[in-house]
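According to my numbering, the stretch in the sequence shown is residues 3 to 389, in order. All C-beta atoms in this analysis are idealised placements derived from N, C-alpha and C, irrespective of residue type, glycine included.
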Amino acid sequence: MNLRFKKNLAVVSLVSLLGAMAAPSALAAGEGTKSLASVLTAKSSFDKDSNNYDILTAAVLAVLKAKPMSPVKVLTDGSVALTAFIPNDGAFKKLVADLTGKAAPSEEKTFAAVAGLGIDTVEQVLQYHVVPGAAILSGDALKANGAKLTTALPGATISVKVAGTVITLDDKDPIAMDPTVILSQVDINKGNLQIAHGINAVLLPAALVKALGTNSLAAVLTAKSSFDKNAKNFDILTAAVLAVLKAKPNSKVKVLTDGSVALTAFIPTDGAFRALVKALTGKPATSEKAAFATVAGLGISKVEQILLFHVVPGATVVSEDALKSNGASLATALAGKKIKVSVMGTVISLGDYSALKDPKVILSALDINRGNRQIAHAIDAVLLPTK
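Here you go:
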């Protein structure tokens with residue numbers, strides 16, 4: 003699954019893209035030589051506003067202090083035309099949470115975590131957000147569907163997808179959701195040769211993608227699992243996974259043991275499985291062990307199908323992205339079966355193929371194993387792939 007609904011984009015070089023619009027863009031953008039660096043540093047200090055660019059600015063200054071001749075220096079030379087896609091502070095906070103598994107308490111701590119990646123990595127990330135050669139105004143960007151933009155990072159490109167007024171940037175990260183341009187923050191520094199557009203996530207070059215952890219969900223589930231009286235944990239689910247893998251060692255469920263494979267799982271609590279047993283049998287199970295026995299009694303192939311129906315392969319969908327996914331249809335690891343997402347406020351419901359109550363994501367049990375390629379969100383009912 004890929005929440006980004008990727009399609010094969012037509013490959014258009016930046017040169018050919020600009021060839022059709024270079025003259026009007028240059029005139030519209032203006033000939034001013036005010037640099038983006040001067041705009042960013044004019045009013046910048048760590049605060050609580052996630053919509054500005056304090057962390058980005060601190061990153062630029064840190065790179066230039068450590069490496070005065072870095073290619074990032076181009077941002078200080080307003081005579082050089084370029085377009086930058088600049089992540090806001092909220093985007094960097096999300097990145098740090100993805101990499102570390104926990105949110106930083108402040109912008110200052112967020113920047114410290116970013117700086118901790120190493121100055122060379124930070125430099126590469128910044129370069130990957132700069133498209134040299136022309137100031138591309140938002141009006142032109144909206145006409146650039148399918149374009150491939152060459153960035154200031156050697157060999158690295160960004161693909162552009164436009165749907166209506168939504169501009170999505172496809173980076174080298176096959177895992178997380180792609181950034182989109184923030185329409186209220188476009189054409190920053192308009193009238194000058196250097197222009198910027200705000201984006202809601204950090205573009206990730208290949209070097210940074212490797213920083214994501216590979217701890218598997220199976221490792222998390224089995225670390226502390228035994229039948230008990232706690233309806234909020236995942237003992238029955240864990241027992242089901244182990245039973246399938248014991249009976250069918252090469253089952254597709256095995257993907258849960260390979261932390262190098264990106265996926266998102268919606269995992270039913272023990273209470274969810276006990277509710278399913280009651281719905282199927284008309285009476286409650288006397289214990290988690292008894293509930294598991296009833297589930298196992300459905301047959302190993304049926305249990306395997308149910309487990310696969312809870313796995314969305316191909317992307318690590320964190321809670322912030324899930325909350326923006328109303329109407330999305332998620333392809334699961336069970337061939338031909340999809341989950342329909344409905345979001346109302348902070349309530350995320352998942353539609354399946356049964357007449358039973360649709361599961362809801364449990365807000366107190368989100369982003370399990372965050373910081374790794376495999377992530378899970380707890381749900382309060384079991385998704386069923388058949389009627």
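A direct Cα-to-Cα measurement between residue 129 and residue 328 gives close to 33 Å. Judged by DSSP in its simplified three-state form, residue 295 adopts helix.
The C-beta separation of residue 85 from residue 138 comes to about 4 Å, placing the pair in contact by the 8 Å criterion. The alpha helix (DSSP H) runs lying completely inside the region 174–222 and spanning 4 residues or more are 208–211, given in chain order. Contact between residue 57 and residue 91 holds: their C-beta atoms lie close to 5 Å from each other, under 8 Å. Note: residue 84 is bridge-paired with 134, 196 in the DSSP secondary-structure output. Relative to residue 111, the option among 187, 50, 275, 255 whose CA is nearest is 50. For residue 275, the enclosing alpha helix (DSSP H) stretches over residues 272–283. With the rule of 3 Cβ pairs closer than 8 Å, the region 300–318 counts as touching the region 254–271. Residue 69 and residue 339 have their C-alpha atoms spaced approximately 51 Å apart. Between the C-alpha atoms of residue 375 and residue 319 there is a straight-line separation of about 9 Å. Residue state for residue 268 is assigned as strand, using DSSP reduced to three classes. Between residue 41 and residue 134, the C-beta spacing is not below 8 Å. Per DSSP, reduced to three states, the secondary structure at residue 315 is strand. Between the beta-carbon of residue 269 and that of residue 383 there is about 11 Å, and that puts the pair past the 8 Å contact cut.
Judged by DSSP in its simplified three-state form, residue 73 adopts helix. In the assembly as shown, residue 200 is a buried residue. Its beta-carbon has 16 or more other beta-carbons within 10 Å. Of all C-beta pairs linking the region 288–298 to the region 237–245, three or more are shorter than 8 Å, placing the two stretches in contact. For residue 198, the closest C-alpha among the options 364, 38, 385, 148 is that of 38.
Rounded to the nearest whole angstrom, the C-alpha separation of residue 143 and residue 362 is 38 Å. The criterion of a C-beta distance shorter than 8 Å is not satisfied by residue 145 and residue 161. Annotated as distal: residue 103 and residue 195, with beta-carbon spacing of 8 Å or more. Assignment of residue 341 by DSSP, reduced to helix, strand and coil, places it in the strand class. In the DSSP assignment, residue 352 is bridged to 343. The distance from the Cβ of residue 136 to that of residue 61 is about 24 Å, inconsistent with a contact at the 8 Å cut-off. As computed with DSSP, residue 34 is found in a beta bridge with 194.
Between residue 352 and residue 345, the C-beta spacing is not below 8 Å. Within the same chain, 91, 92 come within 6 Å of residue 52 by CB-CB distance, once the 5 residues on both sides are set aside. Excluding the 5 residues flanking it on each side, residue 348 has same chain C-beta neighbours closer than 8 Å at 325, 365, in chain order.
In terms of Cβ geometry, residue 210 and residue 127 form a close pair [threshold 8 Å]. Taking 8 Å as the cut-off, the Cβ atoms of residue 317 and residue 264 count as close. Cβ neighbours of residue 246 within its own chain (closer than 8 Å, five residues either side excluded): 253, 255, 302, 305, 306, 309. Assignment of residue 57 by DSSP, reduced to helix, strand and coil, places it in the helix class. Cβ contact annotation for residue 147 (same chain, cutoff 7 Å, sequence separation greater than five): 162, 163, 164, in chain order. The three-state secondary structure of residue 169, taken from DSSP, is strand.
For residue 140, the enclosing alpha helix (DSSP H) has its first and last residue at 140–143.
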